[in-house]
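Numbering (the working numbering), first residue to last: 272 to 352. Ideal Cβ placement from N, Cα and C applies to all residues, glycine included.
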Amino acid sequence: MLYFWIDHTDMHGPLGYGVTAFSEGDAFQLVEGLGYQIYVADKIRQIATVDEIPHRFVREHMGPIVVRGLWYPFTEVGAGA
């Protein structure tokens, strides 16, 4: 499993998306599968630890990173779809 942080550019949306997935493509599918919109300007990067996420708020309000699925914004454990 890989950990990704997606910097989100919509100021009316979440600060970004944290997702554990098999690949970048899988990460995008998981995020969009939960009804979130990914924009062309959004940047995805693989991270090794949550310390690489620039937002303290995210680190304090995220779900478990070790399970495949969206951990920020956190809704439930697992991929869901």
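Buried versus exposed, by CB contacts within 10 Å (16 or more), residue i
i      : result
Val337 : exposed
His279 : buried
Phe299 : buried
Asp322 : exposed
Pairwise C-alpha distance: residue j and residue i
i      : j      : result
Tyr288 : Trp276 : 6 Å
Tyr274 : Leu305 : 17 Å
Val302 : Gln317 : 15 Å
Glu295 : Thr320 : 17 Å
Same chain, Cβ closer than 6 Å to residue i, neighbours up to 5 away in sequence not counted
i      : result
Gly334 : Trp342 and Phe345
Residue from the options with nearest C-alpha to residue i
i      : options                           : result
Tyr310 : Phe293, His326, Val329 and Gly284 : Gly284
Pro325 : Leu286, Asp281, Met272 and Met282 : Leu286
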